[in-house]
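Participant: Sharing a structure below in structure tokens format, with a few things to ask.
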Amino acid sequence: MSHSPLVTIVMSTYNGEKFIRAQLDSLIAQEYVNWCLLIRDDGSSDGTAEILGEYQSRDARISIVRDMHGNLGPARSFIVLLQQVSSPIFMCCDQDDIWLPHKVRNAVSCFDSCGDSPKLFFTDLVVVDADLNVLADSFMKFQKFDPHRASSLKGLLMQNVVVGCTMAGNRALLNLIQLSPQNDSVDMLMHDWWLALLASAFGTIEYSPVASILYRQHGGNSLGASGSSLARYLTMLRNSKPWERASLYICKVALQCSAFGQAYGCSLNRTDVAAIHRVSALGSARSCIPLVRALIAGLSMNGWLRNVALILSVIVHPTSRNRAFSPRIVDATKEV
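Numbering follows full-length UniProt numbering, with no gaps: position 60 of the sequence shown is 60.
As structure tokens, then:
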């Protein structure tokens, strides 16, 4: 690989006029300059499109992708963008964060020795509020995440620890994507989770504790950093909605596992196929026993509080999960 390979940064935007200028300015200020930015607006109704046009006219490295897909949501919109990447390295970018000046440079350096093997690189984040006041120096500690769980497929099936806006990947990883924006990706929870599953199953994942972005938390975030504490889960006891959402989360995770197994099961080892089968089956389980067995087998979320909450959600709201689940289970007994 060249010492200064082209890096394609992909960004999906939606009603991001409030913060997107600061994000784009942080990209332009990167120490590593051999990058291009592909932006797809996902149907904004504010001034986002005008701001993007302004920056495109100012910097030749910035391109706006126009298509007829309409509003796809963040995961599918990013898939559309990733399918257009032709460079050796890609990175994903949210519209409302701040990239620290070393971000691209540090990411590129980790791909020098990976050869043709799929590789994903991700980092920690500094959590900040809307005005960039620091809320937590480490996103991983704030969320009580163990980033080293990403080293195995088993550690990622129930919960993703790879934050997409810190992620970089190589061409070999991108070539594994088998998703079209309007069909297969319906059961993909997020693009970064799917890419993490691919890298853990067929390549390697490298984590750096050196934060690469200021991760802005505000009311408009699609997914955010809410923390993990006993007080938060005790608060959930007074409201049925969080338990219903947790129960539906199991369903969605099961569907994603099933879709991943359908797409890649023939290339996975028997241990990984068995793990996918076990998680896929949770969506239609009639009791909490299969979930408990999965947790004991190491197919769990980060931290005991989250896992206890999952078990309670199955007990409190089993019908919401079973009503939503339509399984496509992988046969873990077949030869692979």
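Note that the Cβ used here is the ideal one computed from N, Cα and C, for glycine as well.
Work out the CA separation of threonine 166 and lysine 141 for me, nearest whole Å.
Facilitator: One-based indexing of the sequence shown puts residue 141 at position 141. One-based indexing of the sequence shown puts residue 166 at position 166. Taking the straight line joining both Cα atoms gives about 16 Å.
Participant: Any contact of the stretch 105-116 with the stretch 64-71, i.e. 3+ C-beta pairs under 8 Å?
Facilitator: no
Participant: Out of Phe202, Trp35 and Ser247, which has the shortest C-alpha to C-alpha gap to cysteine 93?
Facilitator: The residue you call residue 93 lines up with position 93 of the sequence shown. It is Trp35 whose Cα lies nearest to the Cα of cysteine 93.
Participant: Roughly how many angstroms lie between the CA atoms of valine 162 and cysteine 288, to the nearest whole one?
Facilitator: For the purposes of this step, residue 162 is taken as residue 162 along the sequence shown, with counting starting at 1. For the purposes of this step, residue 288 is taken as residue 288 along the sequence shown, with counting starting at 1. Rounded to the nearest angstrom, the two C-alpha atoms are 27 Å apart.
Participant: Report the three-state DSSP secondary structure of aspartate 187 (helix, strand or coil).
Facilitator: Mapped onto the sequence shown, residue 187 falls at position 187. Aspartate 187 falls in the helix class under three-state DSSP.
Participant: Which value, in whole angstroms, describes the spacing of the CA atoms of serine 86 and aspartate 146?
Facilitator: For the purposes of this step, residue 86 is identified with residue 86 of the sequence shown, where counting begins at 1. For the purposes of this step, residue 146 is identified with residue 146 of the sequence shown, where counting begins at 1. Roughly 32 Å between the two C-alpha positions.
Participant: Nearest to phenylalanine 111 by CA position, among Phe78, Leu6 and Cys266, is which residue?
Facilitator: Here residue 111 corresponds to residue number 111 of the sequence shown, with the count starting at 1. Closest option to phenylalanine 111, judged by alpha-carbon separation, among Phe78, Leu6 and Cys266: Leu6.
Participant: Given a cut-off of 8 Å on the beta-carbon distance, is the pair alanine 168 and alanine 196 in contact?
Facilitator: Looking up residue 168 in the sequence shown gives position 168. Looking up residue 196 in the sequence shown gives position 196. Going by C-beta atoms, alanine 168 is not nearer than 8 Å to alanine 196.
Participant: Throw me the rounded Cβ distance for the glutamine 217 and aspartate 129 pair, which I believe falls under 8 Å.
Facilitator: Counting from one through the sequence shown, the residue named residue 217 turns up at place 217. Counting from one through the sequence shown, the residue named residue 129 turns up at place 129. Sure, about 6 Å apart at Cβ, within 8 Å.
Participant: Would you list the residues sitting across from glutamate 17 in a DSSP beta bridge?
Facilitator: Translated into the one-based positions of the sequence shown, residue 17 becomes position 17. Bridge partners of glutamate 17: none, in fact.
Participant: Can you grab the Cα-Cα spacing for the pair threonine 13 / glycine 303, in whole Å?
Facilitator: Stepping through the sequence shown from its first residue, residue 13 is reached at position 13. Stepping through the sequence shown from its first residue, residue 303 is reached at position 303. The alpha-carbon atoms of threonine 13 and glycine 303 are separated by roughly 32 Å.
Participant: Please go through the UniProt domain "Glycosyltransferase 2-like" (8-109) and give each complete beta strand (DSSP E) segment of 3 or more residues, from N-terminal end onward.
Facilitator: 35-41, 62-64 and 89-93
Participant: Quick one: using the 10 Å Cβ neighbour count with 16 as the cut-off for buried, is asparagine 160 buried or exposed?
Facilitator: Here the question's residue 160 lines up with position 160 in the sequence shown. Buried, because 16 or more other Cβ atoms sit within 10 Å of the Cβ of asparagine 160.
Participant: As a quick exercise: from Leu268, Pro101, Pro290 and Arg245, pick the residue whose alpha carbon is nearest that of valine 316.
Facilitator: Walking along the sequence shown from the start, residue 316 turns up at place 316. Valine 316 has its Cα closest to that of Arg245, out of Leu268, Pro101, Pro290 and Arg245.
Participant: Which runs of the beta strand (DSSP E) at least 3 residues long sit entirely within the stretch 131-190? Give them in chain order.
Facilitator: Correct list: 134-136 and 168-170.
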